[in-house]
Amino acid sequence: MPESKKKALGILAIAGVEPYTEKAGEEYMSPEQLAHFTKILAAWRNQLREEVDRTVHHMQDEAANFPDPVDRASQEEEFSLELRNRDRERRLIKKIEKTLNKIEEDEFGFCESCGVEIGIRRLEARPTADLCIDCKTLAEIKEKQMQG
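Okay, here's the thing in structure tokens:
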């Protein structure tokens with residue numbers, strides 16, 4: 001199974017929902033679709049918050065003053081890695097909250113660059129996507145050219 005498909009199923013599984021099945025003639029970003037994505041995003045945010053809390057408690061419980069410099073260095077490296085992961089998760093939580101605000105303001109599901117529909121499947125794979133696949137591809141090409 002492709003990696004993006006696994007990740008999409010993972011996000012949907014966190015929320016306890018199935019992939020959205022569009023009804024014939026259903027308008028894009030209908031109230032049902034918005035509720036579907038709100039549920040996914042809220043569950044994802046809650047799961048990330050629990051992980052952040054768990055890390056804080058783990059670090060408090062595991063904090064020890066090892067007399068051996070190697071043990072101390074190992075613990076510091078472990079804590080540093082955990083803190084970097086939690087920082088990345090905190091940024092993701094902010095992005096999720098920004099996306100939930102877009103849902104409330106009826107601005108969710110449309111490309112910020114060109115205004116076209118992002119698409120249900122892309123949003124299920126990456127609910128915080130704010131660019132359609134074409135604009136995202138173009139942005140990535142430009143980024144590679146700037147680096148190279």
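Sequential numbering of the sequence shown, starting at 1, is according to full-length UniProt numbering. The beta carbon of each residue, even a glycine, is placed where N, CA and C say it ideally should be.
DSSP, read as helix, strand or coil, puts residue 26 in coil. Three or more Cβ pairs closer than 8 angstroms define a contact, and the region 107-119 falls short of that threshold against the region 49-56. Counting every other CB atom within 10 Å of its CB across the protein chains shown gives residue 29 a total of 16 or more, marking it as buried. Nearest C-alpha to residue 12 among 39, 25, 87 and 110: 39. Scanning its chain for C-beta atoms nearer than 6 angstroms, with the 5 sequence neighbours on each side dropped, one finds around residue 103 the residues 34 and 38, in chain order.
Judged by DSSP in its simplified three-state form, residue 110 adopts strand.
DSSP places residue 87 in the uninterrupted alpha helix (DSSP H) bounded by 69-104. Residue 58 sits away from residue 77, with the two beta carbons spaced by 9 angstroms or more.
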